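**Q** Take a look at the following structure, please.
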Amino acid sequence: MVNNAVVKCNDADIQIYQGYQTDGIVQNSMVNNAVVKCNDGPIEIHQGYSGSIVQNSILNNAITNSSNVSINQAHNNGQISDSYLTNKVYDSESNYISQYNIFNSLICNSTLFSDNTTINQTNLSGVNGCLIAIGCHSYTKTIDNLVDTNFFNLVIGNHEVINWHW
0 MVNNAVVKCN DADIQIYQGY QTDGIVQNSM VNNAVVKCND GPIEIHQGYS
50 GSIVQNSILN NAITNSSNVS INQAHNNGQI SDSYLTNKVY DSESNYISQY
100 NIFNSLICNS TLFSDNTTIN QTNLSGVNGC LIAIGCHSYT KTIDNLVDTN
150 FFNLVIGNHE VINWHW
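The numbers in the sequence shown follow numbering that gives the first Met the number 0, run straight up by one, and end at 165.
Written out as structure tokens, the structure reads:
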């Protein structure tokens with residue numbers, strides 16, 4: 000188990016890598032990251048990044064009262080498979096979640112009372128997930144290139160209420 004907390008930082012340039020480059024493997028693990036009261040980052044959390052692999056793991060990320068935080072999952076030719084991913088954004092602004100190359104996993108993304116949140120998801124295969132955004136302004140999402148994937152979306156604030164992807 001790995002627990003990371005970044006609390007009360009301003010003008011910080013913080014990067015957390017969990018599985019990095021081609022030799023980076025996170026397997027059979029639980030990883031928890033929390034970013035609380037951090038402004039004017041950038042703060043970046045990379046999981047399964049740059050050719051690395053995350054397998055059979057639980058990844059939990061929480062962003063609260065913060066701005067300019069990015070969560071990059073299986074980004075830049077990384078891969079996540081057979082895992083559980085939970086990302087929660089609460090009362091924050093200008094945050095970004097990207098999820099690429101995720102296979103046979105469960106995803107739960109929620110963003111509550113946050114501004115300028117962007118979520119991008121592509122190349123998902125065998126994934127079941129949900130995306131819930133309530134009380135958000137300037138919220139955007141892109142979900143594409145899905146194979147055998149079920150995704151439930153509910154957005155209140157930017158008015159899209161339930162947008163199924165099967």
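No residue lacks a Cβ here, since even glycine has one placed at the ideal position from N, Cα and C. Source: prediction; values computed, not measured.
How close, in whole Å, do the beta carbons of isoleucine 118 and asparagine 108 come, if the pair is a contact with beta carbons under 8 angstroms?
**A** Position 119 of the sequence shown, counting from 1, holds the residue named residue 118. Position 109 of the sequence shown, counting from 1, holds the residue named residue 108. Contact flag correct, Cβ pair sits at about 6 angstroms.
**Q** Take threonine 21 as the anchor and find which of Asp39, Ile42 and Ala73 has the nearest alpha-carbon.
**A** Your numbering for residue 21 matches position 22 in the sequence shown. The shortest C-alpha separation from threonine 21 is found at Ala73.
**Q** Please report the residue range of the beta strand (DSSP E) in which histidine 45 lies.
**A** Stepping through the sequence shown from its first residue, residue 45 is reached at position 46. Segment 42-48, the beta strand (DSSP E) holding histidine 45.
**Q** Do you know offhand how far alanine 4's Cα is from glycine 128's?
**A** One-based indexing of the sequence shown puts residue 4 at position 5. One-based indexing of the sequence shown puts residue 128 at position 129. Approximately 25 angstroms, taken between the alpha carbons.
**Q** What's the call for asparagine 9, buried or exposed, on a 16-neighbour Cβ count within 10 Å?
**A** In the sequence shown, residue 9 corresponds to position 10, counting from 1. Classification for asparagine 9: exposed.
**Q** Please identify the residue among Leu111, Gly77 and Tyr99 whose C-alpha is closest to the C-alpha of valine 146.
**A** As a working mapping, residue 146 is identified with position 147 in the sequence shown. When each option's Cα is compared against that of valine 146, the closest is Tyr99.
**Q** Note down the Cα distance separating asparagine 71 from aspartate 114, rounded to an integer number of angstroms.
**A** Residue 71 sits at position 72 when you count from the first residue of the sequence shown. Residue 114 sits at position 115 when you count from the first residue of the sequence shown. Their backbone Cα atoms lie some 19 angstroms apart in a straight line.
**Q** Name the residue from Phe112, Asp39, Met29 and Asn144 whose alpha carbon lies nearest to the alpha carbon of glutamine 54.
**A** Taking the sequence shown and counting its residues from 1, one reaches residue 54 at position 55. Residue Met29 is the option with its Cα nearest to glutamine 54.
**Q** If we call anything under 7 angstroms between Cβ atoms a contact, is tyrosine 48 one with tyrosine 95?
**A** Along the sequence shown, one-based indexing puts residue 48 at 49. Along the sequence shown, one-based indexing puts residue 95 at 96. Contact: no.
**Q** Ordered along the chain, which non-local residues of its own chain (more than five positions away) have a Cβ less than 6 angstroms from that of leucine 218?
**A** There is simply no residue 218 to check, as the chain begins at 0 and stops at 165 in what is shown.
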